[in-house]
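Scroll down for the structure; my scribbles are underneath it.
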Amino acid sequence: MFTLSFLCHLALFSLIIWFQSPPVFNPSEEPVTYVDMVTLPVASPQAGTPAPAEEQAQKAPAAPAPVRPAAAAMALPAAKPKAKLPPPAKGKAEKPAPVDDGREFSERLEKIERLAEDKRQAAVLARLRKGGSKAVGMPGAKGTEAGSDYSSYIQSRLKDAFREVMASQTRAPQVLVRISIGPDGRITSYRVERNSGDPLFDDAVARAVALAGRSFKPPPGGLPFERVFRFKPEGVVVP
Amino acid sequence: MKILLLLLLLLLAPHPSRAAEGYLDVTAPAGRKLQLSIAPATVLSGPAAPELGRELADLFGFDLGLFGSFSVAAPGAGTAGADLVLKTAYALNGSALTLECRLFDPVLNRELAAKRYTGGLKELRRMGHAFSDEVLRALTGEKGPFTGKIAYVTKLSGNKEIFVMDYDGRNPQRVTHNGSINLNPEFAPSGREIIYTSYKKGNPDLYRRELFTGAEARISARPGLNAMGAYAPDGSRIALVLTKDGNSEIHLISKEGKELARLTRNPAIDVSPAWSHDGSKLVFVSDRLGKPQLFVMDADGGNPRRLTTSGAYNVTPRWSPKGDRIVYARQGGGGFQIHAINPDGSQDTQLTTLGSNEHPRWSPDGRFIVFSSNRDGEDAIYLMRADGSAQTRVSRGKVRDSHPTWSSAW
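As structure tokens, this is what we get:
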């Protein structure tokens with residue numbers, strides 16, 4: 003009986019102590035990063051022709067370069083306190099005292115990033131050891147050309163050039179152009195399949211192709227490339 | 435059976451090369467203008483004349499800026515990033531001038547137009563306008579209207595006299611000097627003759643005058659009004675308004691003045707005839723349904739039909755040189771505003787809003803409209819693009835200028 007009473011009192015006492023002590027703040031939160039999505043031209047269309055899986059396995063740690071939080075360019079929370087620091091007074095050589103909270107936060111963030119990267123690389127290695135994924139142009143791919151998307155690369159380069167030289171005097175002109183590119187990346191043939199009837203627009207298309215063609219990368223696999231492109235003003239619905 | 439099945443499968447199977455045949459769209463914002471850079475004028479031989487280069491640069495900037503598809507960079511701004519570069523070089527020998535103008539495409543690395551003009555120094559602006567015309571021809575396939583002249587009625591000497599000036603308002607020259615009232619100048623298709631109505635012999639008669647020789651003939655002196663003459667596109671006939679029969683009717687005469695036909699027979703007032711570009715139709719003003727409205731009829735006077743259905747007072751129509759639009763003035767709100775309408779009566783669009791705007795006439799290429807407006811006080815001559823944009827005053831005097839009309843190239 004005494005034992006039972008003692009246990010009940012002990013339990014009550016423990017509850018009172020537990021309620022009085024505040025919960026410990028758990029700082030292991032996921033860091034918040036902000037990423038701007040920008041559509042960029044395909045920088046290296048040959049990326050779709052990776053080495054065989056075995057070679058990939060050897061080079062694996064460098065292969066899938068994970069998207070780091072873009073260093074200082076990204077709006078990381080850790081960077082904000084620096085921006086808010088008052089400018090140093092003139093004539094004072096010493097640096098402003100570092101903020102301890104920010105350093106701790108950065109260290110934790112780096113630790114988390116290292117852990118995440120290690121996990122990703124381990125996962126990639128595991129996939130490669132299994133024989134690679136079937137997705138073309140991805141790490142461990144078999145090296146077919148289909149994933150290189152050279153057409154999109156050319157389209158993107160043409161679009162950039164077209165923005166530089168666009169001109170028209172009619173409302174909804176459109177031009178169909180067949181462009182052939184040799185294995186060295188040079189335009190071997192430029193044929194207008196259908197002109198717009200607007201000479202200003204037709205000339206603008208010719209300028210855009212000439213301008214873009216100065217810096218085409220060679221098609222993948224050393225093969226010639228040919229495709230028809232339709233040039234038109236932005237937002238115009240053409241039947 | 436197996437072979438048939440195999441063939442069917444082959445037919446239905448997607449063809450790899452066909453899948454790659456579809457086209458990819460390449461787009462860019464439509465509002466961009468061609469970047470035209472005017473290079474500083476250089477000297478071919480003889481003394482340097484920097485003011486000559488500056489005047490040419492201003493002229494090209496005005497002409498090509500009015501066109502609307504160019505953004506013209508001033509000389510000295512550099513040619514980097516330009517779509518087109520306009521280069522000029524001159525040689526002065528006393529008052530003799532040789533001018534070379536070239537239009538170059540630095541992207542495609544080709545010369546689009548190159549002309550050499552020789553003449554007197556006073557012809558500098560004419561040479562410049564001529565090359566502006568060539569620039570438009572090189573880029574659009576259709577020559578510009580900048581060497582055309584504008585004939586107009588001015589009260590510079592106190593009376594209503596007819597003058598001719600460059601399209602940009604420079605170089606005004608007197609055509610009539612009779613101290614009377616002179617109205618409604620209209621160019622022949624060649625641009626070298628005008629017809630106009632003058633009261634110089636008491637009655638409003640129609641005269642034809644050669645601008646270069648000054649030779650003149652009174653081609654219609656019928657009793658009453660002989661006015662609002664309009665050359666047919668072939669230049670051989672003139673539609674005009676006569677009141678010899680007591681009522682205002684539209685008649686057809688030869689350019690020598692011989693009466694060919696009476697086109698309207700209506701107790702109402704029929705005035706302001708204007709030819710379609712192919713000479714097959716005429717647009718005119720009639721109050722036969724109560725208020726002045728635009729009507730269209732065949733060139734022989736048949737098949738008249740109403741064109742405008744809105745607006746209580748629509749006058750002074752002119753058919754565009756391409757035949758796709760008819761421009762006219764509509765009364766409303768205490769003044770007139772210029773409208774344009776399709777020949778089938780659709781897409782009636784108001785082009786002006788400021789002041790009172792009257793007497794619209796097309797440029798010979800149909801890209802621009804010249805008109806008179808009192809938006810700045812007295813009536814003055816203005817230009818605008820066919821869509822109503824870039825309204826620009828070209829009258830330089832402070833007297834009243836009105837009734838403009840734009841000739842073809844001289």
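Going line by line, the protein sequences match chains R and E. The opening residue of the first sequence carries number 3 in this note's numbering; numbering runs sequentially from there. The opening residue of the second sequence carries number 435 in this note's numbering; numbering runs sequentially from there. Cβ atoms here follow ideal geometry from the backbone N, Cα and C, with glycine treated the same way.
Is it right to say residue i is buried, meaning 16 or more other beta carbons lie within 10 angstroms of its own, or is it exposed?
i: E/SER836; result: buried
i: E/ASP567; result: buried
i: E/THR647; result: exposed
i: E/GLY487; result: buried
i: R/HIS11; result: exposed
i: E/ALA585; result: buried
i: E/GLY582; result: buried
i: R/GLY237; result: exposed
i: R/LYS94; result: Residue placement at R/LYS94 is flagged as unreliable, the pLDDT there being 40, under the threshold of 50; the coordinate-derived value follows with that caveat. Exposed, because fewer than 16 other Cβ atoms sit within 10 Å of the Cβ of R/LYS94.
i: E/GLN469; result: buried
i: E/ASP712; result: exposed
i: R/LEU42; result: The predicted model places R/LEU42 with a pLDDT of 48, which falls under 50 and marks its position as unreliable; any figure quoted below should be read in that light. The residue in question, R/LEU42, is exposed, as its Cβ has fewer than 16 Cβ neighbours within 10 Å.
Looking at the C-beta of residue i, does it have a partner C-beta in chain E at a distance below 8 Å?
i: R/SER153; result: yes
i: R/PRO235; result: yes
i: R/ALA99; result: For R/ALA99, the pLDDT reaches just 45, beneath the cut-off of 50, and the residue's location in the model is therefore unreliable, although a value from the coordinates is still provided. Not an interface residue.
i: R/ARG193; result: no
i: R/SER170; result: yes
i: R/LEU111; result: no
i: R/PHE218; result: no
i: R/ARG232; result: yes
i: R/PHE164; result: yes
i: R/LEU225; result: no
i: R/LEU117; result: no
i: R/ARG209; result: yes
Helix, strand or coil: which one does DSSP assign to residue i?
i: E/HIS563; result: helix
i: E/GLY691; result: coil
i: R/LEU42; result: The predicted position of R/LEU42 is uncertain, since its pLDDT is 48 and thus under 50; no value can be drawn from it.
i: E/ASP835; result: strand
i: E/LEU533; result: strand
i: R/PHE107; result: helix
i: E/ALA473; result: coil
i: R/ALA13; result: helix
i: E/ILE815; result: strand
i: E/ALA702; result: coil
i: E/GLN825; result: coil
i: R/GLU236; result: coil
i: E/ILE629; result: strand
i: R/ALA49; result: The predicted model places R/ALA49 with a pLDDT of 48, which falls under 50 and marks its position as unreliable; any figure quoted below should be read in that light. The answer is helix: DSSP assigns R/ALA49 an H, G or I state.
i: E/ASP845; result: Since the first and last residues shown for chain E are 435 and 844, residue 845 of chain E lies out of range.
i: E/GLY800; result: coil
i: E/LYS715; result: strand
i: R/ARG122; result: helix
i: E/ARG608; result: strand
i: R/PHE8; result: helix
i: E/GLU792; result: strand
i: R/ILE183; result: strand
What are the start and end residues of the alpha helix (DSSP H) that includes residue i?
i: R/ILE156; result: 152-167
i: E/GLY636; result: Run containing E/GLY636: none; DSSP gives neither H nor E here.
i: R/VAL211; result: 201-214
i: E/ASP492; result: 484-501
State the start and end residues of the unbroken beta strand (DSSP E) segment that holds residue i.
i: E/PRO777; result: From DSSP, E/PRO777 is part of no beta strand (DSSP E); its letter is neither H nor E.
i: E/ASP459; result: 458-462
i: E/PHE504; result: 504-507
i: E/VAL477; result: 476-479
i: E/LYS725; result: Counting along the chain, E/LYS725 falls outside any beta strand (DSSP E), and DSSP gives it neither H nor E.
i: E/ASP600; result: 595-600
i: E/TYR762; result: 760-766
i: E/THR522; result: 518-527
i: E/THR846; result: The structure shown does not extend to residue 846 of chain E, since chain E is modelled only from 435 through 844, so no value can be given for it.
i: E/ASN748; result: 748-753
i: E/THR588; result: 582-588
Would residue i count as contacting chain R if we go by Cβ distances under 8 Å?
i: E/ALA464; result: yes
i: E/ASP679; result: no
i: E/ALA824; result: no
i: E/THR513; result: no
i: E/SER780; result: no
i: E/THR574; result: yes
i: E/LEU468; result: yes
i: E/ASP758; result: no
Taking only runs of the beta strand (DSSP E) that begin and end inside the segment 638-663 of chain E, which ones reach a length of at least 3 residues, in chain order?
650-654
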